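In terms of the working numbering, the sequence shown is numbered consecutively and its last residue is 268.
For each residue, glycine too, the CB sits at the ideal point set by N, CA and C.
Just so we're clear, the structure is a prediction, and the values are computed from it rather than from any experiment.
Heads up, the thing below is written out as structure tokens.
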Amino acid sequence: MLRSGRPDGPQLKTAEEMAGMRKAGHLVAGALRLSHSMATVGTKLEDIDRAVETFFRDHGAEPLFKGYPGKVPYPGSTCLSLNDQVVHGLPSTRQLIEGDLLKVDTACRLDGWCADAAITVGVGAISSAKERLRLVACEVLELAILEIAIQLKKRGNWSEVAGKMQLRAESAGYRMVTQYVGHGIGRAMHEPPQVPNYVDRQTKRSDFRLEPGLVLAVEPMLNMGDSSTKVLRDHWTVVTRDGLSSAHVEHTLGLTDQGVWVLTADQKDERIVSV
Ligand code: MF3
Ligand code: CO
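Below, the structure is given as structure tokens:
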């Protein structure tokens, strides 16, 4: 979500509430698996969007992006962002071509509980530069999960995690997007706190302590070149200013006494990461 001013305090969730979010998370993981399987040469973006919407509705869930308020309501159930598009790319008649770097982001609500996740996928054979960017983005998210587990035990602050994420991205030669951040999530898709992927004086001021009951959508966005972005005339699509590629991955993470519960993991790789 777009970074904004004065944040509120977070709302904590019980284990039962997180279990409800896990059910929504299963569906989001299923929708992303479906999208991944469709991400081949010739597929139209709008076909992926329609398949995801149908998948959610068939499972009794509500797609959360559809109609999301903005200058114009968000038209799809997914954000499908290609290459230099960072996030919020619109489903269109554009067909996938060999070498595209596709980011699929989606969220649903099931029985009142939300989950939100994103993947970055290569279409056919992609350049080694794009593949490296994709891998580092995945690595940054994995590192964040592990570091949350470490800091949760110490009751450390989010900025400790964000600092590690930024360092890993920058050590690999990339830049973290700062205009968009992760977020708390629960009954609503966007809840406090804001969850930045970098550290500066401003993020330090709105830092928060990691504690059981928090549920965070962590979503690093890494740019191959400069960190700056702009929004296209469609009022949604966020692109890099320099035209270089970007990668984005996201999981909804539940912080528990047992460790970090990956609420949007696929059913087959159920995991609670602890140290
Ligand atoms: N995961 C993104 C976010 O949290 C996607 C939002 S798309 C929108 O901001 F359509 F809902 F805006
Ligand atoms: Co999100």
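According to DSSP, residues forming a beta bridge with residue i
i	result
Asp98	Cys72 and Ala111
Ile265	Trp254
Gln78	Val232
Lys223	Val232
Gly177	Glu184 and Leu209
Chain-order list of residues whose beta-carbon lies under 7 angstroms from that of residue i (same chain, five-residue window excluded)
i	result
Ser238	Asn76, Asp77, Leu94, Lys123, Leu126 and Met217
Ser120	Gly92
Ser220	Arg168, Met169, Val170 and Thr171
Leu27	Ala44, Val45 and Phe48
Residue i beta carbon near the ligand CO (any heavy atom closer than 7 angstroms)
i	result
Gly175	yes
Asp227	no
Glu243	yes
Met(-6)	yes
Ala122	no
Glu9	no
Ala210	yes
Cβ-based neighbour list, residue i, same chain, cut-off 6 angstroms, excluding 5 preceding and 5 following
i	result
Leu207	Pro3 and Leu248
Leu145	Leu203 and Leu248
Identity of the residue in the options nearest residue i by Cα
i	options	result
Gly18	Leu57, Met31 and Leu160	Leu57
Lys16	Lys37, Arg102 and Thr36	Arg102
Tyr61	Leu136, His228 and Thr36	His228
Val266	Ala258, Gln260, Asp259 and Trp254	Trp254
Val34	Cys131, Leu89, Lys96 and Asp109	Leu89
Met(-6)	Val211, Asp51 and Ala32	Val211
Arg270	Lys59, Gly82 and Glu263	Absent from the structure is residue 270, since the part of the chain shown begins at -6 and ends at 268.
Ala54	Val97, Pro213, Lys96 and Asp104	Asp104
Glu10	Asp262, Lys147 and Leu256	Leu256
Sequence-distant residues of its chain with Cβ nearer than 8 angstroms to residue i (five each side left out)
i	result
Val129	Arg161, Ala162, Ala165, Tyr167, Leu215 and Ala240
Arg(-4)	Thr171, Gln172, Tyr173, Val174, Gln187 and Pro189
Lys197	Ser152
Ala22	Ala110, Thr257, Ala258, Asp259 and Gln260
Heavy atom of the ligand MF3 within 7 angstroms of residue i beta-carbon
i	result
His19	no
Ala111	yes
Glu55	no
Phe49	no
Interface flag, residue i vs chain C, CB-CB below 8 angstroms
i	result
Pro186	In the displayed structure, chain C is absent; only one protein chain is listed.
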